[in-house]
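Student: First the structure, which I've put down as structure tokens, then a few questions once you've had a look.
Residue numbers (the numbering used here), protein chains in the order written: chain A, 46 to 492; chain B, 46 to 492.
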């Protein structure tokens with residue numbers, strides 16, 4: 046399907062069949078066109094561009110991936126880029142400029158219309174993952190004393206150029222955001238009423254420096270189509286629309302899953318081999334430290350192991366189960382933190398539940414393991430020792446699995462990033478120490 | 046802040062100050078009111094209900110959590126519930142009914158208006174996580190030959206009762222969905238034009254049985270505010286709105302993270318101790334199987350370990366690093382699958398990259414580990430063996446970390462659920478076998 050489209054479009058371009066190209070594109074979404082174009086080499090891309098109205102090309106580029114946007118713009122002269130930008134929204138332009146070298150960015154900005162330049166430079170000033178960094182400046186804001194009749198006129202005028210039409214932002218004379226008006230209410234209100242009569246004054250808004258994760262959480266909680274961004278004087282700076290919020294949620298989720306697995310959020314399965322080495326090796330080296338700590342712990346008991354070699358065979362069970370139980374607690378807590386459901390201050394008492402769980406699950410798994418080892422090696426004391434060690438290690442797993450992410454959160458370190466390394470260290474080192482330590486204490490019974 | 050509101054509202058209820066309660070609620074969002082009410086006991090809740098207009102109460106209940114909805118309805122008589130439902134949308138009613146015992150559900154349905162009953166029963170027929178299960182039947186659908194003037198009249202009429210106003214769904218005479226019209230375009234079109242003149246015929250739609258994850262992916266890809274759900278005859282059945290899509294994305298993500306950590310998607314940090322035991326213990330028991338496999342593998346080499354006890358101390362390093370490297374690959378692949386970026390058929394060649402990565406990262410970590418073990422035990426052969434075993438284990442980790450989730454996907458098993466257990470088995474069993482097997486082969490050099 047995708048390959049068919051790509052080949053078909055390629056042929057049409059090669060044969061200069063402009064009308065057919067335009068007809069073909071008519072039945073496709075800009076995002077799907079962008080996906081096809083990303084596979085083209087520069088020659089085809091440049092030729093394609095020459096067939097397409099600049100407005101349509103701008104729409105396609107707005108939907109394309111970052112890398113492709115930059116690649117495409119590099120095919121153009123500066124003045125062509127500026128013409129191109131005239132058809133794009135200021136927040137998209139700011140995003141693109143933010144990824145260009147400073148020299149080119151400055152050159153382009155000086156060539157653009159001064160009104161846009163100012164707004165774009167303001168947008169460029171916000172961090173990429175803040176409300177200001179993801180907001181758009183295309184919204185409808187009207188004065189509170191505007192009549193419904195005039196409001197409708199204004200909406201017809203501005204509507205086509207704006208991203209959100211179903212919510213109108215209402216400003217007072219000082220240009221402060223004082224309410225929002227729902228287009229539904231505007232449509233049915235008497236024509237002589239004013240916006241202030243029908244607006245809702247309970248406005249959820251954010252400051253431009255607010256983290257995008259918080260912005261997404263608010264939009265999701267209040268089922269908003271867009272959330273206004275205001276400065277400290279309550280002046281409206283822009284809005285963040287729900288489609289960008291979805292991107293934020295997906296991005297933050299990707300980050301969490303990858304970080305939990307010890308991968309950088311920038312890596313993808315199809316990153317180059319070199320990139321993958323550079324991104325993954327450091328994490329493996331950090332983990333090597335943990336592995337050596339575990340190894341040294343075992344090393345302390347080499348004399349015991351040399352006398353009772355069955356201990357070596359039982360070691361992977363102790364470490365493995367501690368790791369598994371700890372992961373369970375860790376996943377739950379990390380997810381609860383991401384959903385804003387839990388904090389150390391409010392919920393620290395839940396650690397006692399995790400400890401109880403460690404005792405009960407540990408006893409269960411411990412009895413089972415103890416019995417099998419008893420049957421295998423014929424020594425009941427080995428079974429009893431692993432039973433006790435299993436309870437101990439699962440308590441440790443629950444205790445640290447619960448507390449580590451919450452403490453990291455308080456320290457403003459991403460729990461998804463660093464929790465697992467501390468947890469593994471805890472369960473491995475304590476787990477081995479407990480198991481082999483008990484074995485050493487009761488060595489005479491094991492021989 | 047939250048506690049203040051709760052206490053204030055409690056006092057107002059106790060002192061029967063109805064007007065102040067209503068004034069207080071005026072400044073709060075329904076979702077925030079619901080959060081406060083969830084903390085009330087039944088007595089306060091019932092009294093609160095008696096102060097509030099039924100319409101406002103219905104709005105609050107629509108926003109509340111599932112458990113609270115059921116708890117609240119249990120306070121009401123059947124006829125009260127039916128009156129209550131009259132103020133709620135059919136999809137919310139269907140969701141609530143779906144969670145009630147069949148007897149009560151049937152009793153309520155027979156008491157309701159017959160038109161609603163039919164629609165609700167249809168909604169109840171769809172799986173909870175399908176497009177049909179999350180769609181709403183509140184949308185605006187108009188005939189294609191309707192004039193713009195009449196369209197605007199209709200929108201004013203239906204608009205206030207509908208969830209989405211900025212997109213109008215356009216039907217032909219056979220009631221098939223033939224296009225969508227953007228309210229922006231309707232507002233600026235000449236009054237005598239028809240909907241068919243301005244509608245967009247490229248409609249992205251889904252079938253009611255479509256999985257909610259696919260629905261979310263489409264809405265996110267095409268930046269939609271809502272996606273229409275049509276049957277096989279292309280008749281419009283409902284729409285899924287973007288706010289529900291956000292819930293789906295967050296829910297699916299929670300599921301993925303919890304499953305990767307070996308926890309059921311139904312568990313939360315504050316689930317009861319008994320629930321947590323019931324949910325987590327089965328997973329630990331399954332993992333115990335893996336741990337025993339690893340243990341048996343080690344057991345095969347007990348004679349070697351008893352002669353070179355340093356091997357026992359090095360074991361955690363081999364197993365740990367294999368697990369870490371495998372997790373890296375696994376996280377990347379599982380996330381790429383969730384984002385629809387990768388499939389076994391299209392991307393199987395990437396396994397060679399993972400294998401190369403295993404060789405390179407394994408060599409790096411292996412040299413480092415080998416040198417430290419050489420320094421610690423003074424035997425170069427132990428270092429060489431762990432170097433070779435490390436490369437082997439990281440290749441295994443990359444190979445299985447890449448293929449396991451993709452194969453599970455083909456078999457229609459959730460990769461997030463079962464991948465880690467197979468991967469751990471592979472890295473532990475092969476890892477130990479390789480390391481201890483090499484040690485056995487070169488035993489004379491190690492003594």
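Cβ coordinates follow ideal geometry from the N, Cα and C atoms, glycine included.
Every value quoted in this text rests on a predicted model; they were computed, and no experiment measured them.
Could you pull out every residue in the same chain whose Cβ sits closer than 6 Å to the Cβ of residue 305 of chain A, ignoring the five residues on either side in sequence?
Tutor: Working through the first chain from its first residue, we reach residue 305 of chain A at position 260. The answer, listed in chain order, is 461.
Student: Looking at residue 436 of chain B and residue 411 of chain B, is the spacing between their C-beta atoms short of 7 Å?
Tutor: Position 366 of the second chain, counted from the start, is the residue given in the question as residue 411 of chain B. Position 391 of the second chain, counted from the start, is the residue given in the question as residue 436 of chain B. In this structure, residue 436 of chain B lies closer than 7 Å to residue 411 of chain B by Cβ.
Student: So, at 6 Å on beta carbons, what are the nonlocal neighbours of residue 425 of chain B in its own chain, with the 5 sequence-adjacent residues on each side left out?
Tutor: Mapped onto the second chain, residue 425 of chain B falls at position 380. Closer than 6 Å at Cβ, skipping near neighbours: 419.
Student: At least one CB of chain A closer than 7 Å to the CB of residue 74 of chain B: is that the case?
Tutor: Here the question's residue 74 of chain B lines up with position 29 in the second chain. Yes, residue 74 of chain B lies at the interface with chain A (some Cβ there is under 7 Å from its Cβ).
Student: Could you please give the first and the last residue of the uninterrupted alpha helix (DSSP H) stretch that includes residue 489 of chain B?
Tutor: Along the second chain, read from residue 1 onward, the residue named residue 489 of chain B stands at position 444. Start and end: 488 to 491.
Student: Excluding the 5 residues preceding and the 5 following residue 309 of chain B in the sequence, name in chain order all residues of the same chain whose CB lies nearer than 6 Å to its CB.
Tutor: Within the second chain, the letter at position 264 stands for residue 309 of chain B. For residue 309 of chain B, where only same-chain residues beyond five positions count, the Cβ hits under 6 Å are 324.
Student: I need the straight-line Cα distance from residue 136 of chain A to residue 64 of chain B, nearest angstrom please.
Tutor: Along the first chain, one-based indexing puts residue 136 of chain A at 91. Along the second chain, one-based indexing puts residue 64 of chain B at 19. If I take the Cα positions, the gap works out to 46 Å.
Student: Name the chain A residues whose beta carbon is nearer than 9 Å to that of residue 303 of chain B?
Tutor: Stepping through the second chain from its first residue, residue 303 of chain B is reached at position 258. The answer, in chain order, is 373, 376, 377 and 380.
Student: Quick check on residue 323 of chain A - is its C-beta less than 7 Å from some C-beta in chain B?
Tutor: If you number the first chain from 1, residue 323 of chain A lands on position 278. Not one chain B Cβ lies under 7 Å of residue 323 of chain A.
Student: Identify each residue in the stretch 400 to 415 of chain B for which the Cβ-Cβ distance to at least one residue of chain A is less than 8 Å, and report them in chain order.
Tutor: For the stretch 400 to 415 of chain B, which is checked against every Cβ of chain A, the residues closer than 8 Å are 401, 402, 405, 406, 409, 410, 413 and 414.
Student: Quick check: is the beta carbon of residue 273 of chain A nearer than 7 Å to any beta carbon in chain B?
Tutor: Stepping through the first chain from its first residue, residue 273 of chain A is reached at position 228. No, residue 273 of chain A does not count as interfacial toward chain B.
Student: If you draw a straight line from the alpha carbon of residue 432 of chain B to that of residue 296 of chain A, how long is it in whole angstroms?
Tutor: The residue given as residue 432 of chain B occupies position 387 in the second chain. The residue given as residue 296 of chain A occupies position 251 in the first chain. In a straight line, the C-alpha of residue 432 of chain B is about 37 Å away from that of residue 296 of chain A.
Student: Mind listing the chain B neighbours of residue 205 of chain A? Cutoff is C-beta to C-beta under 7 Å, in chain order.
Tutor: For the purposes of this step, residue 205 of chain A is taken as the residue at position 160 of the first chain. What residue 205 of chain A touches in chain B: 229 and 233.
Student: Spatial neighbours of residue 170 of chain A within its chain, please: CB distance less than 7 Å, with the 5 preceding and 5 following residues excluded, ordered by chain position.
Tutor: Position 125 of the first chain holds residue 170 of chain A. Cβ neighbours of residue 170 of chain A beyond the five flanking positions: none.
Student: Which partner residues does residue 214 of chain B have in the DSSP bridge list?
Tutor: Within the second chain, the letter at position 169 stands for residue 214 of chain B. Bridge partners of residue 214 of chain B: B/186 and B/225.
Student: Can you list, in chain order, the residues of the stretch 121 to 153 of chain B whose Cβ is nearer than 9 Å to any Cβ on chain A?
Tutor: Of all residues in the stretch 121 to 153 of chain B, none has a Cβ within less than 9 Å of some Cβ in chain A.
Student: Taking beta-carbon pairs under 8 Å, can you tell me which members of the stretch 466 to 484 of chain B lie near chain A?
Tutor: Here the close residues are 469, 473 and 477.
Student: Listing by chain order, which chain A residues have their CB less than 8 Å from the CB of residue 464 of chain B?
Tutor: Counting from one through the second chain, the residue named residue 464 of chain B turns up at place 419. Chain A residues near residue 464 of chain B: none, gap ~11 Å exceeds 8 Å.
Student: Within 7 Å (strictly less), CB to CB, does residue 354 of chain A reach chain B?
Tutor: For the purposes of this step, residue 354 of chain A is identified with residue 309 of the first chain, where counting begins at 1. So yes, residue 354 of chain A belongs to the interface.
Student: Could you check what DSSP says for residue 249 of chain B in three-state terms: helix, strand or coil?
Tutor: Counting from 1 along the second chain, the entry for residue 249 of chain B is found at position 204. Residue state, collapsed to three classes: coil.
Student: In the structure shown, what three-state DSSP assignment does residue 280 of chain A receive?
Tutor: Numbered from its first residue, the first chain carries residue 280 of chain A at position 235. Three-state result, residue 280 of chain A: strand.
Student: Less than 6 Å between the CB of residue 415 of chain A and some heavy atom of the ligand SAM, yes or no?
Tutor: The ligand content of the structure shown is nil, which means the ligand SAM is not present either.
Student: Comparing C-alpha positions only, which one of B/322, B/399, B/326 and B/447 sits nearest to residue 398 of chain A?
Tutor: Here the question's residue 398 of chain A lines up with position 353 in the first chain. Among B/322, B/399, B/326 and B/447, the Cα nearest to that of residue 398 of chain A belongs to B/322.
Student: Just verifying my parser: in three-state terms, what is the DSSP assignment at residue 463 of chain A?
Tutor: In the first chain, the residue the question calls residue 463 of chain A occupies position 418. Three-state result, residue 463 of chain A: helix.
Student: Which same chain residues, not among the five before or five after residue 229 of chain A, have their C-beta less than 8 Å away from its C-beta?
Tutor: Within the first chain, the letter at position 184 stands for residue 229 of chain A. For residue 229 of chain A, where only same-chain residues beyond five positions count, the Cβ hits under 8 Å are 211.
Student: I want to verify the contact list: residues of chain A whose CB lies under 8 Å from the CB of residue 200 of chain B, in sequence order.
Tutor: Walking along the second chain from the start, residue 200 of chain B turns up at place 155. Correct list: 232.
Student: Rounding to the nearest angstrom, what Cα-Cα distance links residue 404 of chain B and residue 55 of chain A in this structure?
Tutor: Mapped onto the second chain, residue 404 of chain B falls at position 359. Mapped onto the first chain, residue 55 of chain A falls at position 10. Cα to Cα, residue 404 of chain B sits roughly 39 Å from residue 55 of chain A.
Student: What first and last residue would you give for the beta strand (DSSP E) that runs through residue 98 of chain B?
Tutor: Here residue 98 of chain B is taken as the residue at index 53 of the second chain, counted from 1. It is not in any beta strand (DSSP E) - residue 98 of chain B carries neither H nor E in the DSSP assignment.
Student: Sorted by chain position, which residues of the same chain lie with C-beta nearer than 7 Å to residue 209 of chain B's C-beta, five sequence neighbours on each side aside?
Tutor: Along the second chain, one-based indexing puts residue 209 of chain B at 164. Only 184, 270, 271, 284 and 286 meet the Cβ criterion.
Student: Are residue 441 of chain B and residue 475 of chain B close, meaning C-beta to C-beta below 7 Å?
Tutor: Here residue 441 of chain B refers to the residue found at position 396 of the second chain. Here residue 475 of chain B refers to the residue found at position 430 of the second chain. For residue 441 of chain B and residue 475 of chain B, yes; Cβs fall inside 7 Å.
Student: Under 7 Å Cβ to Cβ from residue 340 of chain A, same chain only, skipping five residues before and after it: list those, please.
Tutor: Within the first chain, numbered from 1, the residue matching residue 340 of chain A stands at position 295. Within the same chain, residue 340 of chain A has no close Cβ partners at all.
Student: Return yes when the Cβ of residue 401 of chain A is within less than 7 Å of the Cβ of residue 318 of chain B, no when it is not.
Tutor: As a first step, residue 318 of chain B is located in the second chain; it is residue number 273 there, counting from the start. As a first step, residue 401 of chain A is located in the first chain; it is residue number 356 there, counting from the start. Yes; because the gap between Cβ atoms is below 7 Å, this pair is in contact.
Student: Within 7 Å of any Cβ in chain B, is that where the Cβ of residue 89 of chain A sits?
Tutor: Here residue 89 of chain A refers to the residue found at position 44 of the first chain. For residue 89 of chain A, the answer is no, since every Cβ of chain B falls outside 7 Å of its Cβ.
Student: Measuring alpha carbon to alpha carbon, tell me which residue in B/239, B/370 and B/235 is nearest residue 224 of chain B.
Tutor: If you number the second chain from 1, residue 224 of chain B lands on position 179. Looking at the Cα atoms, B/239 is the closest of the given residues.
Student: Beta-carbon of residue 268 of chain A versus every beta-carbon of chain B: anything under 7 Å?
Tutor: For the purposes of this step, residue 268 of chain A is identified with residue 223 of the first chain, where counting begins at 1. Taking Cβ atoms only, chain B reaches closer than 7 Å to residue 268 of chain A, which makes this a yes.
Student: Hey, quick one: how far does the beta strand (DSSP E) through residue 272 of chain B stretch, first residue to last?
Tutor: Looking up residue 272 of chain B in the second chain gives position 227. 271 to 275 is the extent of the beta strand (DSSP E) around residue 272 of chain B.
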